[in-house]
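Numbering (my numbering), first residue to last: 144 to 221.
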């Protein structure tokens, strides 16, 4: 089973990478972009027997910093 884990900063947490991207977009002449928030995407190929609880544990123990980040698990249809 294919699983995508989207990790993003919680609202209110400063995002220097997003700010740098926003500044670069403006410098390249792209108008209309109000804000940029950078994140990470993990793609996992797991056995069908891996539970939702196990996936959440993976996120909370390794893939996301729960103090400053949120995560969203997406199961991808094959």
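We put the beta carbon where it would ideally sit given N, CA and C, even for glycine.
- In the three-state scheme derived from DSSP, where H, G and I count as helix and E and B as strand, residue 183 is classed as strand.
- The three-state reading of DSSP puts residue 188 in strand, counting E and B together.
- Residue 147 has 186 and 217 as its beta-bridge partners, per DSSP.
- The residues 152, 153 and 156, in chain order, have a CB closer than 7 Å to that of residue 211 in the same chain once the five nearest residues on each side in sequence are set aside.
- Every alpha helix (DSSP H) of 4 residues or more that sits fully in the stretch 150-176 is shown, in chain order, as 159-170.
- Residue 194 and residue 145 have their C-alpha atoms some 13 Å from each other.
- Nearest neighbour of residue 159 by Cα position, chosen from 182, 170 and 148, turns out to be 182.
- Counting every other CB atom within 10 Å of its CB across the protein chains shown gives residue 205 a total below 16, marking it as exposed.
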